[in-house]
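Colleague: Below are the structure tokens for one structure; questions will follow.
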Amino acid sequence: MATLSTDLPQKAQGASTRSQVLCLLLGTALLLTLAQYLSLLPAWLHRLPKEMIPPTAQVLDAAFAFVQNDLGLIHVTRFIAEGPLEFLLDTSANLLEGKRRWPYLGPVPWTAVAGVAAVVGYALGGWRLAALGAGTFIWTALIGQWKMAMQTMSVLTVAAPLAFAIGLGLGIAAWKYAWVERLLKPMLSVLQTLPFFTYLLPAVIFFKVGPTAGAVATVIFAIPPMILMTTLGLKKVSPEVIEAGKMSGCSRWQMLRHVYVPAARTEILVGVNQVIMLCLAMVVLTAFIGMPGLGAKLLAMMGSFKLGRSFEIGITIVLLAVTLDRMSKAWVVKQPAHFDKGTPWWIRHRMPLLALGVFVGFLLLAQLFPILGSIGRKQHFSQGKEIDFLIKGFLAMDGIRAVTEWLRWFLNVKVLIPFRDTLLSIPTPAFILMVVSFSYWLGGRRPAVFAAIFFTIVAFSGWWDRSIITLYAVISAVVLALMIGIPLGILASRSEAWSRRVLLACDTAQTFPSFIYLIPAIMLFGVNDVAVIFSILIFATVPLTRYTVEGLRTVPAELTEAADMSGSTRRQKLLSVQLPLALPTMAVGFNQAIMFAFFMVIIAAFIGTQDLGQELQRTLAGTELGKNFVLGLNVSLMALTFDMAITAWAERRKQALGLD
Amino acid sequence: MKLTTILSAATLSVTFGSSGFAADSSDPIVIPVHNWSSQIVMSNVVGLIFEEMGNNVEYVTTDSQAVYESVRLGDVSLEMEVWEGAFGASYRAALGKGGLHDAGDHDAVTREDWWYPLWTKEACPGLPDWQALNDCAHLFATAETGEKGRYLDGPVDWLKHGKERAEALGLNFTVINAGSAAALWAEIGAAEADKRPVLVFNWTPNFAEAVWPGEFVNFPAWEDGCDTDPSKGPNPDALYDCGNPTSGYLKKAAWDGMQEKWPNAYCALTKISFTNPQIAEMAKLVDTDEMEPEEAAEEWLAANHAVVEPWISACQS
Chain A
1 MATLSTDLPQ
11 KAQGASTRSQ
21 VLCLLLGTAL
31 LLTLAQYLSL
41 LPAWLHRLPK
51 EMIPPTAQVL
61 DAAFAFVQND
71 LGLIHVTRFI
81 AEGPLEFLLD
91 TSANLLEGKR
101 RWPYLGPVPW
111 TAVAGVAAVV
121 GYALGGWRLA
131 ALGAGTFIWT
141 ALIGQWKMAM
151 QTMSVLTVAA
161 PLAFAIGLGL
171 GIAAWKYAWV
181 ERLLKPMLSV
191 LQTLPFFTYL
201 LPAVIFFKVG
211 PTAGAVATVI
221 FAIPPMILMT
231 TLGLKKVSPE
241 VIEAGKMSGC
251 SRWQMLRHVY
261 VPAARTEILV
271 GVNQVIMLCL
281 AMVVLTAFIG
291 MPGLGAKLLA
301 MMGSFKLGRS
311 FEIGITIVLL
321 AVTLDRMSKA
331 WVVKQPAHFD
341 KGTPWWIRHR
351 MPLLALGVFV
361 GFLLLAQLFP
371 ILGSIGRKQH
381 FSQGKEIDFL
391 IKGFLAMDGI
401 RAVTEWLRWF
411 LNVKVLIPFR
421 DTLLSIPTPA
431 FILMVVSFSY
441 WLGGRRPAVF
451 AAIFFTIVAF
461 SGWWDRSIIT
471 LYAVISAVVL
481 ALMIGIPLGI
491 LASRSEAWSR
501 RVLLACDTAQ
511 TFPSFIYLIP
521 AIMLFGVNDV
531 AVIFSILIFA
541 TVPLTRYTVE
551 GLRTVPAELT
561 EAADMSGSTR
571 RQKLLSVQLP
581 LALPTMAVGF
591 NQAIMFAFFM
601 VIIAAFIGTQ
611 DLGQELQRTL
621 AGTELGKNFV
631 LGLNVSLMAL
641 TFDMAITAWA
651 ERRKQALGLD
Chain B
661 MKLTTILSAA
671 TLSVTFGSSG
681 FAADSSDPIV
691 IPVHNWSSQI
701 VMSNVVGLIF
711 EEMGNNVEYV
721 TTDSQAVYES
731 VRLGDVSLEM
741 EVWEGAFGAS
751 YRAALGKGGL
761 HDAGDHDAVT
771 REDWWYPLWT
781 KEACPGLPDW
791 QALNDCAHLF
801 ATAETGEKGR
811 YLDGPVDWLK
821 HGKERAEALG
831 LNFTVINAGS
841 AAALWAEIGA
851 AEADKRPVLV
861 FNWTPNFAEA
871 VWPGEFVNFP
881 AWEDGCDTDP
891 SKGPNPDALY
901 DCGNPTSGYL
911 KKAAWDGMQE
921 KWPNAYCALT
931 KISFTNPQIA
941 EMAKLVDTDE
951 MEPEEAAEEW
961 LAANHAVVEP
971 WISACQS
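Line by line, the protein sequences give chains A and B.
Under the working numbering, the residues of the first sequence are numbered 1 to 660, in order.
Under the working numbering, the residues of the second sequence are numbered 661 to 977, in order.
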């Protein structure tokens, strides 16, 4: 990267002050560290003494108690949870899984759901999507997970539209009023990086354990991209379209409803796609606070070491995610159909009519043949035991064992533990200076200032060592992910077919519930840092590979042709043309990899860590909301520091290269 | 099943309807289920008992540590398995804040301690005596622990004090905390393939006993005060130099409002008491016989109706 940046035209003056500042920052950091190693540094400069740590957690606890009880916020949230929200959840739960609540109609036969999914798939994307939609639901029913899957879906069918509606509303508000945007932006950034443990507890306390808390936590998790995409889409509406709307005399509401929102359709639908994906990502995590269905079952299966059944549940979740993802993406691409005047209504609405017909047809058939209504325990085809046997057999193979034993020894003894101990030995101020200089070098002055503020807050939170251990796991995993993900992406981008295959693998790895990785990771490497890093690695490699493929494949054809014509070899073309142009896109992937790593490192607490995640897990008992929030904020601040630096760098590169 | 429930509920209301005893609310009793089989089946059995008494029941999946806050707030009506060791701390914290109370102990006792699968004994025949551990420490060594043996303790929030015990008894072991029960099983499962000796935290009653036969390490017997008074136990200068109590409690907890809202069900809850073999049987139906927990509960109740009969009849009038 350093050599590349020299290719850019840069003012000599700016460059020299920049390197002077860098030298100063790094020099001070090195001096401090050296002093520490020579035992010359006073103890208070190495780590903040306990007396200097402000009692943030206690203050926050008092604040929460005040808001919850004295201001009576809990009565408001409880009213929402037990009134409208519970009503919606009960209704969908009755229809989908047959919970005994109003309207006492359900459960809908599985064949009817699969049939409708096929019609929707066909309407959006032809036969392939129809097969995917029907196939997913048929698999779910045959494998004996219908009821659980529908319990999950009953919450998601409420949570996803809610996230969409609230996100759209806030997005419009942020576009309309600058102050709303200024207020929302930082909140969304924090929300996107806050570990899920941190809002599980407030969700339980304010919205009652069960599907209600599960739905609320899901909505909070899924909402940020919807807001951002809505605002982005509305801002991009072209002036000509607005002019046309104004000329036809639209009122303000009509402008919004018939001009702006339809014109921003693509971005809004991308937001919908994100909402759906994030909702599915929360299926397992919300099981801790009462979300019924697949996630809860998965946790129970893992608790009794049933790998096969856990694996099957994982596949169901992936299938649901891929189906919904492909369908919503097809919806993005598909332009609204327009019919000639005078087309009969049954032709204009033939797809909804077909869906209705299929639905009613299967409803009636299910009355005649109960097997089409629901599949019982004795009838399903779960192969849990056999898969168990396969997985265990695979993990116990001598070759695999030898490799993992060696990796465990090598990584732990030679790499990870020394690296961790080095990071921990650096004095707090020196470490902050190093992070600041990294941000300055990469992103410039603004990210550097924020890095200084954020890491100082972390230092004053009183959890410095644990924060550093968290950061150590993230850095180690991301470095390994770079070494695997980027070459993989480069190789895959060479052919269309391989790109598609690798991108599908990325989708799968991303939606496969991360909990399932934990068990094989432990079985391969034992309970130690290697297992932790390995499970983060799987998750962090995905965005790196994905954005490498996408970055390389979107390099303008004229440029690669020019390179070919000037007679460059494949290697020269890759190194001097394709990679530099793809770098800004790859930086987005790098950024996401770090964000995913921060997300996963907290989940890795279930393997066994000594970082912030372990403390967060401890606060699940629910008595220490303040501490929980402080810990969560530390994770968020560290993640944001990297986010800002990398984003700033990618923006500048894009401008310099004349992309976008 | 459903018909019998309705019938029995109908007969009950005819027989006892006029007894003047306050009737239970028709709101559902919310029963929490966690992620281990015996608890799920037991909670379903209790749910069926309540339904037989004419109550409505609902189940909600929750985390086993976070549940006490929900019981306290009344979102969840009761908790069937409060383990002295694993959940004692969360339970006592909630007890201190008020809102829930002790609804009596099960007959079953619990034991939580250092444990090894039987194949370990072949390599280290001195077990289960704890003094054999130091001679065998090298057998339990791993890449990271070097010469020292490794003991995989339960999650930190279970407060097992493994580190303190290893120090107090001069054991040549490094104590590592697993992050979850699943991590413990994965460790045993991985060791099973090549019969590698492992020493992990485990407890009874538990499904693992059926899958991997094993034994607890016999530490110096627990004395009251071993965790507060250094003079107790073999090491006069250290705390935690004893094994855990071999018969810890397994409690039920109830929301404070339960007694008033569902007096009959509450009465039954205080009477309910399962034994170790009964709990093991419930777990076996799911873990070994591959039933769904709901079916296992029905099956268990059908086979053991005589056991629950007195609890129900005692609380009907």
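C-beta: ideal position from N, C-alpha, C; glycine also.
Model, not experiment: these values are computed from the prediction.
1. Can you give, in chain order, each stretch of the beta strand (DSSP E) that sits fully within the stretch 820 to 859 of chain B and has at least 3 residues?
2. Tell me whether A:GLU51 is buried or exposed, calling it buried when 16 or more other Cβ atoms sit within 10 Å of its Cβ.
3. With a cut-off of 7 Å, does the C-beta of A:TRP110 fall near any C-beta of chain B?
4. Taking the alpha helix (DSSP H) that B:PRO777 falls in, what are its first and last residues?
5. State the CB to CB distance for the pair A:GLY489 and A:THR548, rounded to an integer number of angstroms; the pair is presumed to be in contact (CB under 8 Å).
6. Give the residues from the stretch 554 to 577 of chain A that approach chain B closer than 7 Å (Cβ to any Cβ), ordered along the chain.
7. So for B:PHE676, helix, strand or coil by DSSP?
8. Can you pull the chain A neighbours of B:THR802, defined as C-beta to C-beta under 7 Å?
9. Run through DSSP, which three-state label would B:THR671 get?
10. Using only CA atoms, which one of B:PRO905, B:ALA966, B:ASP762 lies nearest to B:MET740?
11. Who are the neighbours of A:PRO664 on chain B, taking C-beta pairs under 7 Å?
12. Would you identify the three-state DSSP class for B:GLU804, choosing helix, strand or coil?
13. How far does the alpha helix (DSSP H) with B:ILE972 in it extend, from its first residue to its last?
14. Would you kindly check if the distance between the Cβ of A:SER310 and the Cβ of A:ILE522 is under 7 Å?
15. Drop a sphere of 10 angstroms on the beta-carbon of A:SER16, count the other beta-carbons inside from all chains shown, and report buried for 16 or more, exposed for fewer.
16. Let's test the definition: count the other Cβ atoms within 10 Å of the Cβ of B:LYS944 and tell me whether it reaches 16, buried, or not, exposed.
17. Which value, in whole angstroms, describes the spacing of the CA atoms of B:ASP854 and B:PRO865?
18. From what residue to what residue does the alpha helix (DSSP H) around B:TRP882 run?
19. Give the residues of chain A in contact with B:SER730, contact being defined as C-beta atoms less than 7 Å apart.
20. When you compare the CB of B:ASP947 with every CB in chain A, is at least one pair closer than 7 Å?
21. Can at least three beta-carbon pairs, one atom from the stretch 932 to 951 of chain B and one from the stretch 698 to 708 of chain B, be found at a separation below 8 Å?
22. Give a yes or no on whether 7 Å exceeds the smallest Cβ distance from A:GLY303 to chain B.
23. Touching or not, the stretch 316 to 331 of chain A and the stretch 404 to 423 of chain A, by the rule of three or more beta carbon pairs under 8 Å?
24. Give the DSSP-derived three-state secondary structure of B:GLY874 in the structure shown.
25. Mind checking if B:GLU847 is an interface residue toward chain A, Cβ cutoff 7 Å exclusive?
26. Assuming A:ALA173 and A:ALA222 are in contact, meaning their beta carbons sit under 8 Å apart, how far apart are those beta carbons, in whole angstroms?
27. Do B:ASP773 and B:PHE876 come within 7 Å of each other at the CB atom, strictly closer than that value?
28. Just list the residues that DSSP pairs B:TRP863 with in beta bridges.
29. Sorted by chain position, which residues of the same chain lie with C-beta nearer than 8 Å to A:PHE525's C-beta, five sequence neighbours on each side aside?
30. Does DSSP put B:GLU869 in a helix, a strand or coil?
31. With 7 Å set as the bound, which would you pick, yes or no: does the beta-carbon of B:ILE689 sit closer than that to a beta-carbon of chain A?
32. Excluding sequence positions up to five away, which residues of its chain have a Cβ less than 7 Å from the Cβ of A:MET226?
33. Roughly how many angstroms separate the alpha carbons of A:PHE606 and B:ALA843, rounded to a whole number?
34. Is it right to say B:LYS662 is buried, meaning 16 or more other beta carbons lie within 10 angstroms of its own, or is it exposed?
35. Excluding five sequence neighbours on each side, which residues of the same chain lie with their C-beta closer than 7 Å to the C-beta of A:VAL113?
36. Give the residues of chain A in contact with B:TRP696, contact being defined as C-beta atoms less than 8 Å apart.
Modeller: In this structure, then:
1. 833 to 837
2. exposed
3. no
4. That residue, B:PRO777, is in no alpha helix (DSSP H); its beta strand (DSSP E) goes 771 to 777.
5. 3 Å
6. none
7. Note that B:PHE676 has pLDDT 43, beneath the 50 cutoff, so the model's placement of it is unreliable and the number below is only indicative. Helix at B:PHE676.
8. GLY526
9. Any reading at B:THR671 must be qualified, since the residue scores a pLDDT of 46, below 50, and its modelled position is unreliable; the value itself is stated next. Helix.
10. B:ASP762
11. The structure shown does not extend to residue 664 of chain A, since chain A is modelled only from 1 through 660, so no value can be given for it.
12. coil
13. 965 to 974
14. no
15. exposed
16. buried
17. 26 Å
18. Taken as a continuous stretch (DSSP letters only), B:TRP882 belongs to no alpha helix (DSSP H), as it is neither H nor E.
19. VAL204, VAL209
20. yes
21. yes
22. yes
23. no
24. strand
25. yes
26. Actually they are not in contact, since the Cβ atoms of A:ALA173 and A:ALA222 sit about 18 Å apart, beyond 8 Å.
27. yes
28. B:GLU772
29. THR404, LEU407, ARG408, ALA531, PHE534
30. helix
31. no
32. ALA163, PHE164, GLY167, LEU168, GLY171, GLY271, GLN274, VAL275
33. 7 Å
34. With a pLDDT of only 44 at B:LYS662, under 50, the local geometry of the prediction cannot be trusted, and the value read off the model is given with reservation. By the 10 Å Cβ count, B:LYS662 comes out exposed.
35. PHE137
36. ALA300, GLY303, SER304
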